[in-house]
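Following: one structure in structure tokens, then a few remarks.
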Amino acid sequence: MFHRSEAVLNSCRLSYSNGPIEGINRKIKTLKRIGYGFRNLTSFFNRIALIRE
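Each residue of the sequence shown is one higher than the one before, starting from 695 at the first, in the working numbering.
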């Protein structure tokens with residue numbers, strides 16, 4: 695634990711969260727699961743762009 699003490703202290707001091715990124719990743723994974731009908735990758739990427747807005 696001592697080798698990560700600086701990281702632990704930084705996480706207590708700073709209020710950054712990876713929650714928004716995890717939410718986007720979850721939406722993309724769900725889209726991949728239900729999106730086997732996409733014709734090509736361009737359509738898939740366009741749908742991802744719509745989700746992020």
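Where a beta carbon is used, it is the ideal one built from N, C-alpha and C, also for glycine.
If you check the CB distance, Phe739 and Phe732 do not come in under 7 Å. Judged by DSSP in its simplified three-state form, Gly713 adopts helix. Inclusion of Ile722 and Ile742 in the CB contact set at 7 Å is warranted, their separation being smaller than that value.
A direct Cα-Cα distance of roughly 15 Å separates Glu700 from Tyr710.
Taken through DSSP and simplified to helix, strand or coil, Asn740 comes out as helix.
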